[in-house]
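Reading through the structure tokens given below for one structure.
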Amino acid sequence: MSGRWRYAMVPLAFKLLMARKKWFLTMVISFAVVLTSVTTILSSSRMIQGEITRTAIEQYGQFSCVLLDKPKEQADDSYGQFVLTGSIQVSESRTAAIGWVNSEYMDLGHLKLTTGRLPVTDSEVAIERHYLALLDADWQVGTAKQLIIDGEPRLLQLTGIVDNYSARWSVDTRKTTFPNLFVSSVWAQSNTTSHWLIPYNQGESPKINETKAYQLINTYDRHGFINDHLFQNGLRDLGPLAITSVFMQTAVLIISLLSIVTLQTFYQAKRHLKYAVLKSLGGTTGHLYKLGLLQTTFIYFIGAGLAVPLTLLLQSFMLKGIYTGNLITGHFSDSFRSTLLWVSLLYVFMVSSSCFAIWQHRDKSMKEMLAAGTSGSSLAHGWIAAIRSFRFKQLLRQMAVYPQQTFLSFMTITVAIIVLLFANVFAREAAGIGATDIDYYLSAQETIYSTTIDGHTVLLSQDLTYSPDEVKRLEALNGVALVIKEPSMQDVRLSIQRHTMTPSLQDWIAKYSSSMNHQEGTSVTYQEEVILPNVRYMLRQPVKGSPSPEDAEVPSVMLYIQGMPVEECEKLTGSTLKLSKSVLDEDGNPSGGSWNFLIAQVRGEPYQESTDHYTITHDEITIVLDEAYALEQGITRGYRDLSIYTKERLTVAEKQQIYDQVYALAAGTPGGLFQHVPDLLQNSARMSSIIYRLGAVTFYTALILSLLCLAIVMYGKYQQHRRYWGIYRSLGMRLIHIHSCLLVEMLAYFMLAALISAGFYALMLLTNNLSHPTIVYMRIFVLVLSAVLTFIIGISLLVKRRIGREAIAAKLRIEE
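Structure representation (structure tokens):
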């Protein structure tokens, strides 16, 4: 007998599955959905993270920090080395750095030679493309040209052109830039120290890389700086994406385990009868274990086979418009181990669940197995029987059947609601608020180092700016509607005589006094003057009707102060204000100057800049002074920030021309910031889309599994009491009453799930500083609950339809 069992085990396991085709199909589909969701979320998130990392290191370099003035003997072979050997003036306002770099520098920087090669002799040079255009746009590779380097003429042959890179990289504006002209190692032989790029370890998280970089810099007395552009711009989305991915993966795993347990326990609900029959035919407990293992394996591998095309289909949805690599090769190998671990865990869980059902009956006789039931406890039946209301009594009887499976289905629905709510919040926060009409934003200095000396803000870093001529060339471009120019005057202080103060100015000072408390009254010089905080400076042509600054004894300015009454405007008109500035000389000692201005006109309205297409309003106190005078007197060196608005309905060629010109201006300011705002909005929308899609996959996985489990449990409850329902139907009860009883139970679970999810949702909203109004998230809550409720009602109608097909006589039949 045992030999026949051994050889018949595989076909017997398959035949037993086929005997319950609907159950078999349900289990296979459920497992395929679980496998698909787990694999898709894991692999897709890894692919997206890999794509973000690849793009970031190509843009900002594959290095975590830069060490300065470090001897070669203390450097690792993997470090990228560069030596600055001099500088050259490439335009009136631009200086280019000259230096030698090693091959690791080129590799870590992902630098590309658009043509030619790097120099090998001391008479050769390769130049960054933007700086070549400034030096001589007609200079061809292979030809020689005389350059004035550090005051000395040198004849150099152009050997290659390096694609623009330095403007994208983080720089220490107080000390070091990166080479723009590349020379041979002969130029660097006399240098005993070098600067080094420290490789970014892709096997570790950005946070760990950044922490190690700070530790390394501190080890060398802070002689270095962090690659902020890589961490803050390129890789900033990795953290939120990783957290969201882990949250979704955990949610899917919990949902998967809950649904598998629910289906398995319901599937095993009356298996004890089959076990009894098999034991009566000579089967042992060991045979039953093997049978359960084989059946689980069949379900597992058939479900896995079905999951493969579903995964590829779902991945294409997840990565559409986000990832451009191959879906099969891509970064799938990075997630293969994690995916295999999760899938193996599910298999072990399924096998354990099946074996546990057999283990529960291991010591029972055939008679005990046949007598085992699935009804609720006698205590529950006792207090239910004492209830007088028929409908309520029947509802409680129904709820007492399969309590374990019911609870698991309820938990799955709760998790599904919470997941979709959280995913919607994450997605909306990742997208930010609204859009902007600005097309380009440029800053000559992204990071400004300063200190306070005698109440003055004093710059420690170079005062890098865009010249008025460069800005005028931008404004003259066809398609540019408006350029908002912010002069570099962060170290300029505005003060007025105390006796000219007005209530509006006092209110303004009180509003922004926190930023000035440490300054006011620190110097005797300003005892009779009041410092105005939060002031905006605008440079333009002289005020109409006023003498030129050169001819006037005191140059004039205009003031725009929103909401100032007419009488206060008249009081200020004709009075004087003072601008003062303090700078550090070569020895680090402060020096500066001050300038008095006549207030020619005061307007009690905000300052506006307008064209045919845009009107931009500035609410701060705005001082308008003559551009030429401010530059000549050294009040400012030029413009620090530019916001560029373009016209509508531009051709592709016009858009490209504007982009090239704006980028060319940005490329000449290392340490500056170049933002093509439409790209930023697209990236923000992409991140929002990623999170929303992860949430959608998790939600629909949870919803499908939970509703499937709930439908099976509800129908099982009906089956358990079908003879009661048959009796009620024979006495005149309508089908709608049976359906309403089942639906009320489902709605009770839904309401409880909604209350629990509402608690978690409210906790998250209250403990986070959100960008959007609370009403937006309340609408999301209502929409999510409405969607889940619609699905539940739909499932109940399917169960009703199934029950309605069964004759009353079939309900009254007693199974042997």
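Residues 1 to 816 (the UniProt record's numbering) are what the sequence shown spells out, left to right. Glycine included, C-beta positions come from ideal geometry on N, C-alpha and C.
DSSP places residue 26 in the uninterrupted alpha helix (DSSP H) bounded by 21-60. Residue 791 has its alpha-carbon roughly 35 Å from the corresponding atom of residue 13. Looking at the DSSP output, residue 225 bridges to 66. Residue 726 counts as buried, since at least 16 other C-beta atoms from the protein chains shown sit within 10 angstroms of its C-beta. For residue 664, there is no enclosing beta strand (DSSP E); the residue is found in the alpha helix (DSSP H) stretching over 652-667. Residue pairing by DSSP places residue 154 opposite 147 in a beta bridge. DSSP, reduced to helix, strand and coil, places residue 206 within a helical segment of the structure shown. In this structure, residue 184 places its C-beta atom within 8 Å of the C-beta atom of residue 119.
The continuous beta strand (DSSP E) containing residue 95 extends over residues 95-101. Straight-line spacing of the CA atoms in residue 465 and residue 169 works out to 18 Å. In the structure shown, the three-state DSSP call for residue 501 is coil. Counting the other CB atoms within 10 Å of its CB gives residue 317 a total below 16, which places it among the exposed residues. Closest option to residue 82, judged by alpha-carbon separation, among 760, 653, 102, 744: 102. Spanning the alpha carbons of residue 779 and residue 112 requires a straight line of approximately 50 Å. Contact between residue 409 and residue 741 is ruled out by a C-beta separation of about 17 Å, above the 8 Å threshold. The segment 611-623 makes no contact with the segment 447-463; the number of CB pairs closer than 8 Å stays below 3. Within 10 angstroms of the beta-carbon of residue 47 lie 16 or more other beta-carbons, which makes it buried.
Rounded to whole angstroms, the gap between the alpha carbons of residue 287 and residue 297 is 15 Å.
Between the segment 561-578 and the segment 491-505, the count of Cβ pairs shorter than 8 Å is three or higher; the stretches touch. With a contact defined as Cβ atoms closer than 8 Å, residue 536 and residue 569 miss out at about 18 Å.
Here residue 190 carries a coil assignment [DSSP, helix/strand/coil]. 249 is the residue among 422, 249, 414 whose C-alpha sits nearest the C-alpha of residue 341. It is roughly 8 Å from the alpha-carbon of residue 415 to the alpha-carbon of residue 757. Counting the other Cβ atoms within 10 Å of the Cβ of residue 237 gives 16 or more, which makes it buried.
When the Cα atoms are used, residue 694 and residue 59 turn out to be separated by approximately 27 Å.
Residue 642 and residue 648 have their C-alpha atoms roughly 19 Å apart. Comparing alpha carbon positions, the residue from 201, 100, 188, 94 closest to residue 78 is 201.
Closest by C-alpha distance to residue 597, out of 588, 689, 635, is 635. In the DSSP annotation of this structure, the continuous segment of the alpha helix (DSSP H) that includes residue 722 starts and ends at 722-730. Short of 8 Å from the beta carbon of residue 804, and not among the five residues preceding or following it, lie these beta carbons of its own chain, in chain order: 735.
If you compare the alpha carbons of 713, 738, 714, 129 with that of residue 724, the shortest gap goes to 738. Distance from residue 128 to residue 156 at the Cβ level is roughly 14 Å; contact not present, criterion being Cβ atoms closer than 8 Å. Here DSSP, grouped into helix, strand and coil, assigns residue 529 to strand.
The DSSP-derived three-state label of residue 477 is coil. In terms of Cα proximity to residue 713, the closest of 261, 501, 301, 606 is 261.
Residue 785 is not bridged by DSSP to any residue.
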